[in-house]
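K.L.:
I am attaching a structure below and will ask some questions about it afterwards.
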Ligand SMILES: [Zn+2]
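Numbering (the working numbering), first residue to last: -1 to 309.
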């Protein structure tokens, strides 16, 4: 695979960004290689050729990998971890809440919450076509704890549990809190994604605030080619504001006649478009979460599946 950008980039001594293919857009994601005493890969959802090229360019091979650390159970993050582990015999670490979704495909489906969805079989066939490797089993060898540094030699990775995107979602500080891998608090124009049963809007909001309180100077996103260094607080604030904005858009759509979850989910509100029908599944999950909180806030009531705006 050839890209119009360098596959890897040294961010600081020992720390290399491995860029995903297709500008790191889903189902690709960036990874990090910590080229230190303990050769550590953080996430494994970039193209395998990108991971292998980075290792090779730095004088290593897959066999040299000592450890893979996963930020959460999603397919664009656990990615090629199972094959890389098989080839290298490396450790595989994740958050305790990630274990079920990482270990097996069945566990992942449970955490997605899509079993029984009318589009479930479409989703399965998309997954087995696009990313067949994620249907395999992953051998988790251990878990990390929030705030307890993972020692790589001269480099330390400090896990910051930041649930919301998923329950296990974890950012990492690299040595200090100036440079953070913010994973899927990804600062993309798309904004936050919370389309699983284990996703939660309120948790997502507090996690973004938690990152803002750390006042990082550099945020490494899983889905942007370059780390964000300009206006970091502003970018995080804008990302955070998306939830309230979407609340208002949904209220506007209800006002205009989309008075049920079913109608709302067919309308691209969170996704700007539906490139494949399976995106409806996740649109519906996300819209449902907005409706839940709008009910909680007294902005709407729902009677017999009909959404009624409060006066
Ligand atoms: Zn994710």
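Glycine included, C-beta positions come from ideal geometry on N, C-alpha and C.
Of all the alpha helix (DSSP H) runs that stay within the bounds of the stretch 37 to 63, which reach a length of 4 or more residues?
P.N.:
Those alpha helix (DSSP H) runs which fall completely within the stretch 37 to 63 and span 4+ residues are 46 to 55.
K.L.:
Return the first residue and the last residue of the beta strand (DSSP E) that residue 262 is part of.
P.N.:
First-last for residue 262: 259 to 264, but that is the alpha helix (DSSP H), not the beta strand (DSSP E).
K.L.:
Keeping to the same chain, check which residues put their C-beta closer than 7 angstroms to that of residue 194; ignore five residues upstream and five downstream.
P.N.:
Excluding residues within five positions, the ones whose Cβ falls inside 7 angstroms are 109, 110, 111, 164, 283.
K.L.:
What would DSSP say about residue 308, mapped onto helix, strand or coil?
P.N.:
DSSP, reduced to helix, strand and coil, places residue 308 outside both helices and strands of the structure shown, so it counts as coil.
K.L.:
Hey, out of 168, 74, 191, whose CA is closest to residue 26's CA?
P.N.:
Comparing Cα positions, the closest option is 74.
K.L.:
Counting Cβ pairs, one atom from each stretch, are 3 or more of them under 8 angstroms apart for the stretch 128 to 146 and the stretch 80 to 92?
P.N.:
yes
K.L.:
Return the CA-CA distance between residue 105 and residue 114, expressed in angstroms with no decimal places.
P.N.:
15 angstroms
K.L.:
Determine, using beta carbons only, whether residue 219 and residue 20 come nearer to each other than 9 angstroms.
P.N.:
no
K.L.:
Go ahead and pull the three-state DSSP assignment for residue 101.
P.N.:
helix
K.L.:
What does the Cβ neighbour count give for residue 307, buried or exposed, with the cut at 16 atoms within 10 Å?
P.N.:
exposed
K.L.:
Using the DSSP secondary-structure output, state which residues sit across from residue 10 in a beta bridge.
P.N.:
13
K.L.:
Go through its chain and collect everything with a Cβ distance to residue 158's Cβ below 8 angstroms, but skip five positions before and after it.
P.N.:
144, 145, 168, 169, 170, 171, 178, 208, 209, 212
K.L.:
So the beta strand (DSSP E) residue 177 belongs to, where does it begin and stop?
P.N.:
Boundaries of the beta strand (DSSP E) around residue 177: 174 to 181.
K.L.:
Tell me the residue span of the beta strand (DSSP E) that contains residue 159.
P.N.:
154 to 159
K.L.:
Taking just the CA atoms, how far does residue 120 sit from residue 258?
P.N.:
23 angstroms
K.L.:
Can you list the alpha helix (DSSP H) stretches of 4 or more residues lying completely in the stretch 104 to 139, in chain order?
P.N.:
118 to 128
K.L.:
What residues in its chain sit with their C-beta under 6 angstroms from that of residue 9, if we drop five residues either side in the sequence?
P.N.:
15
K.L.:
Given 8 angstroms as the limit, tell me if residue 163 has its C-beta closer than that to any heavy atom belonging to ligand 1.
P.N.:
yes
K.L.:
Just to confirm the assignment, what range does the alpha helix (DSSP H) spanning residue 86 have?
P.N.:
79 to 86
K.L.:
According to DSSP, residue 220 sits in a beta bridge with which residue or residues?
P.N.:
In the DSSP assignment, residue 220 forms no beta bridge with any residue.
K.L.:
Within 10 Å of its beta-carbon, does residue 299 have 16 or more other beta-carbons around it, so buried, or fewer, so exposed?
P.N.:
A residue is called buried when at least 16 other Cβ atoms come within 10 angstroms of its Cβ; residue 299 does not meet this threshold and is exposed.
K.L.:
Any chance you could list the residues with Cβ under 5 angstroms from a heavy atom of ligand 1, keeping chain order?
P.N.:
That query returns the following residues: 72, 182.
K.L.:
Just the Cα atoms here: how many angstroms apart are residue 205 and residue 46?
P.N.:
30 angstroms
K.L.:
Use the C-beta contact count for residue 295: other C-beta atoms within 10 angstroms, 16 or more gives buried, fewer gives exposed.
P.N.:
By the neighbour-count rule (16 or more Cβ atoms within 10 Å), residue 295 is not buried but exposed.
K.L.:
How about residue 268 and residue 189: do their beta carbons lie closer than 9 angstroms?
P.N.:
Yes, the pair counts as a contact, with Cβ atoms nearer than the cut-off.
K.L.:
Where residue 122 and residue 265 are concerned, what is the direct C-alpha to C-alpha distance, given to the nearest angstrom?
P.N.:
C-alpha of residue 122 to C-alpha of residue 265: approximately 23 angstroms in a straight line.
K.L.:
Tell me the residue span of the beta strand (DSSP E) that contains residue 29.
P.N.:
29 to 32
K.L.:
Would you mind sorting residue 130 into buried or exposed? The rule is 16 or more other CB atoms within 10 Å of its CB.
P.N.:
By the 16-neighbour rule on beta-carbons within 10 angstroms, residue 130 is exposed.
K.L.:
Does residue 297 come out as helix, strand or coil in the three-state DSSP assignment?
P.N.:
coil
K.L.:
Using 9 angstroms as the threshold, is the C-beta distance between residue 272 and residue 191 below it?
P.N.:
Not in contact: residue 272 and residue 191 (Cβ atoms no closer than 9 angstroms).
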